Amino acid sequence: MKFFLDTANADEIRQAADLGVLDGVTTNPTLAAREKKPFRELALEICEIVKNGVVNTEVVSTDTDGMLREAREMASWHPNIVVKVPMTREGIRALRVLHGEGIRVNVTLVFSPAQALIVAKGGAYFVSPFLGRLDDVAQDGMGLLREILTIYRAYKFETQVLAASLRHPIHVIEAAKLGADIATMPFKVFEQLFRHPLTDRGLEGFLKDWEKAREALGEIAEPAAARKAGR
Ligand code: E4P
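If you want it as structure tokens, here you go:
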């Protein structure tokens, strides 16, 4: 499973990329608007940070011609950019044209298996079902992901399934168990994946035991207090 960060914040992306397990980034107009920077500049900064990973940038036009104009422009900024278009008739028309031109497209705001079927037939590179937003309205987000994966496997569609709108680590784990190609998550969720109280407690115990044993053997070359203080 690939990990994408669902943010346009360069500091968050830098911190995640630094760990070496980040495969890409998804942005949307809401996330990009928070950064208060010219969009091209922001997108290129993100491409520079994630290096070989893909960076998803979204069009804001609602007509096909406008989407095509924006998508071609964004795709010309950097080879790692994948253009997001919304799951509308206009978006699917744009998808067909862009696919023909070799521009990779992520169809976003997908909330039903029928929509996902159209997206795959249109030749999208990614389909983005929004799981958390379905859960928010008391519908089964994970159920949608399961249905999409079943359909895509039955027809061996090449469109990659990008589980989006993930709100907590269980969303990521369940999506991984179902075999989603990618999980995109906010930085907070990415960080939560690392944590377990037993890891912290276990490490503390190991270090204390090691210290005690060395003290008993009279081997302490570097007292614990000095090491903790970074001296
Ligand atoms: C994905 O590409 C979207 O940007 C994102 O996952 C939306 O998540 P939200 O429902 O938490 O806004």
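If you read the sequence shown in the working numbering, its first letter stands for residue 174, the second for the next number, and so on.
C-beta atoms are modelled at their ideal positions from N, C-alpha and C, and glycine is treated no differently.
Given the structure is predicted, the values throughout are model-derived calculations rather than measurements.
Let me make sure I understand the geometry here. Which of Ala353, Lys385, Arg340 has the alpha-carbon closest to that of Phe363?
For this step, residue 363 is matched to residue 190 along the sequence shown. Looking at the Cα atoms, Arg340 is the closest of the given residues.
Beta carbon nearer than 6 Å to a non-hydrogen atom of ligand 1
Those residues having their beta-carbon less than 6 Å away from any non-hydrogen atom of ligand 1 are, in chain order, Asp179, Thr199, Asn201, Thr281, Ser301, Phe303, Gly305, Arg306, Ala337, Ser338, Thr357.
For Gly239, which three-state DSSP category applies?
In the sequence shown, the residue the question calls residue 239 occupies position 66. It is helical.
How many angstroms separate the CA atom of Leu317 from the CA atom of Leu304?
As a first step, residue 317 must be located in the sequence shown, where it is residue number 144. As a first step, residue 304 must be located in the sequence shown, where it is residue number 131. For Leu317 and Leu304, the distance between alpha carbons rounds to 7 Å.
Flag Ser249 as yes when its Cβ comes closer than 7 Å to any non-hydrogen atom of ligand 2, and as no otherwise.
Of the ligands one can find in the structure shown, namely ligand 1, none is ligand 2.
Buried or exposed: where does Glu231 fall if 16 or more other Cβ atoms within 10 Å of its Cβ makes it buried?
Working through the sequence shown from its first residue, we reach residue 231 at position 58. Around the beta carbon of Glu231, 16 or more other beta carbons lie within 10 angstroms, which makes this residue buried.
Under 8 Å between the Cβ atoms of Ala189 and Arg207?
If you number the sequence shown from 1, residue 189 lands on position 16. If you number the sequence shown from 1, residue 207 lands on position 34. Arg207 is positioned such that its CB atom lies no closer than 8 Å to that of Ala189.
Three-state secondary structure (DSSP) of Lys257
Residue 257 sits at position 84 when you count from the first residue of the sequence shown. Here Lys257 sits in strand by DSSP.
Can you tell me the Cα-Cα spacing of Pro202 and Thr372, whole angstroms?
By one-based count along the sequence shown, residue 202 stands at place 29. By one-based count along the sequence shown, residue 372 stands at place 199. Whole-angstrom Cα-Cα distance: 38 Å.
On the criterion of 16 or more Cβ atoms from any shown chain inside 10 Å, does His369 qualify as buried, or is it exposed?
Residue 369 sits at position 196 when you count from the first residue of the sequence shown. Exposed: under 16 other Cβ atoms inside 10 Å.
In the DSSP output, which residue or residues are listed as bridge partners for Leu335?
In the sequence shown, residue 335 corresponds to position 162, counting from 1. DSSP, once it has assigned bridges, lists Ile355 as partnering Leu335.
Beta-carbon proximity check, Thr281 vs Ser249, cutoff 8 Å
The sequence position of residue 281 within the sequence shown is 108, counting from 1. The sequence position of residue 249 within the sequence shown is 76, counting from 1. No, the Cβ-Cβ distance between Thr281 and Ser249 is not below 8 Å.
Start and end residues, beta strand (DSSP E) containing Thr230:
Here residue 230 refers to the residue found at position 57 of the sequence shown. Annotation: the continuous beta strand (DSSP E) that includes Thr230 extends over 227-231.
Pull up the DSSP beta-bridge partners for Val280, would you.
Within the sequence shown, numbered from 1, the residue matching residue 280 stands at position 107. Residue pairing of Val280 in beta bridges, as defined by DSSP: Val258, Val300.
What are the boundary residues of the beta strand (DSSP E) that Asp179 is part of?
Taking the first residue of the sequence shown as position 1, residue 179 is located at position 6. Asp179: member of the beta strand (DSSP E) spanning 175-179, first to last residue.
Which same chain residues, not among the five before or five after Ala297, have their C-beta less than 8 Å away from its C-beta?
The residue you call residue 297 lines up with position 124 of the sequence shown. Here the set comprises Leu268, His272, Val278, Asn279, Val280, Thr332.
Once DSSP output is grouped into helix, strand and coil, what is the label at Gly197?
In the sequence shown, counting from the first residue as 1, residue 197 sits at position 24. Strand.
Rounded to the nearest angstrom, what separates Arg453 and Ile276 at their Cα positions?
With the chain represented from 174 up to 404, any question about residue 453 goes unanswered, as that position is not in the structure.
Taking a contact to mean a Cβ-Cβ separation below 8 Å, would you say Val258 touches Asn229 in this structure?
As a working mapping, residue 258 is identified with position 85 in the sequence shown. As a working mapping, residue 229 is identified with position 56 in the sequence shown. In this structure, Asn229 does not lie closer than 8 Å to Val258 by Cβ.
Is the Cβ-Cβ distance between Asp179 and Pro359 less than 8 Å?
The sequence position of residue 179 within the sequence shown is 6, counting from 1. The sequence position of residue 359 within the sequence shown is 186, counting from 1. Taking 8 Å as the cut-off, the Cβ atoms of Asp179 and Pro359 count as close.
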